[in-house]
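In the numbering used here, the protein residues as written are 192 to 519.
Structure first, commentary second.
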Ligand SMILES: [Zn+2]
């Protein structure tokens, strides 16, 4: 029974018909996913490249300690499945990049930001414009969050707002924390925007930037406009630069490495497990393999071809370990 004022049966049906892509199942993505699932969005596509660590659990509220070591997208989907089995969960254990962004996001009705870098957000922003999918942006660090909703064709885009800002290497998760309560507030606002978009109502953060500071508990709003010279949304279809043809290796906040192949693969995990079984210790899981090497590093290999490599000292060693498994 629906009792909320200004929320009809038809609105609920629109929500049930919606597919939401949540990019990043970390600090922002976790509380967003819980709300989206509880509200009953029809399909949730969960995109994350990482695995669950003990240190995540204080703010990444979609996980518990039994999920440690599992790919975040998979762990989130199975926990949400228990909460609301009516929702369809689609997992993409990949790092969103230039080569795969369009494939990963196409078919979604809206995109929610759960990312932690400008690098990835720029790719997401361009893909949202190319695919004409609304993008609810949120970024949070320490006690401070920024939010806005970008609708291709109706508003400016992330690039109009941030220009050529880049990631501050000293201001990432490894050096600076983020308040769990701030994440919860920012995620709730993102999901509110998602509800408005899905039900055909005007989102409140169109052409507006909202800032949240929970240190002094202030909520501020600033009008923002589309930049006529924006290199991204002022062209018809922004070009997403092509990925290099070598797998991309990134150090994650945990100190582990994420390896992303140049294109999205669909691996036959059974035959890989069989092929490498004589050389490595392999545990077959539903949509991934856990692989222990004799020399020390361990690898979580996802069905889409990406991997998280643990216990290596450099990106080169991570790539070498990945290629050793893929080419064995
Ligand atoms: Zn723009």
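Even glycine gets a Cβ: it sits at the ideal position worked out from N, Cα and C.
Residues sharing a beta bridge with residue i, DSSP
i	result
residue 448	442 and 500
residue 416	Answer is none; residue 416 lacks a bridge partner.
residue 477	Residue 477 is not bridged to any residue.
residue 411	402
residue 328	339
residue 489	483 and 501
residue 283	238
Straight-line gap, residue i to residue j (C-alpha atoms, nearest Å)
i	j	result
residue 457	residue 492	11 angstroms
residue 221	residue 467	34 angstroms
residue 297	residue 336	27 angstroms
residue 284	residue 410	34 angstroms
residue 451	residue 218	22 angstroms
residue 453	residue 438	5 angstroms
residue 356	residue 278	37 angstroms
residue 515	residue 412	51 angstroms
residue 392	residue 310	30 angstroms
residue 440	residue 312	17 angstroms
residue 229	residue 274	7 angstroms
residue 371	residue 254	14 angstroms
C-beta atoms of residue i and residue j nearer than 8 angstroms
i	j	result
residue 307	residue 449	no
residue 227	residue 377	no
residue 315	residue 304	yes
residue 470	residue 519	yes
residue 381	residue 329	yes
residue 388	residue 352	no
residue 238	residue 295	yes
residue 442	residue 506	yes
residue 225	residue 252	yes
residue 340	residue 205	no
residue 215	residue 243	no
residue 511	residue 422	no
Pick from the options that is closest to residue i, judged by C-alpha positions
i	options	result
residue 419	243, 347 and 214	347
residue 476	215, 446 and 265	265
residue 485	461, 339, 503 and 495	503
residue 444	379, 245 and 357	245
residue 522	355, 359 and 368	Lying outside 192 to 519, the shown extent of the chain, residue 522 is not represented and no answer is given.
residue 209	442, 301, 462 and 349	301
residue 185	255, 379, 198 and 431	The chain is shown from 192 up to 519; residue 185 falls before or after that span and cannot be answered.
residue 344	198, 412 and 397	397
residue 431	421, 320, 258 and 465	320
Check your understanding: Listed by chain order, which residues have C-beta atoms less than 5 angstroms from any heavy atom of ligand 1?
Key -> Selection output, chain order preserved: 347, 348, 350, 351, 421, 423 and 424.
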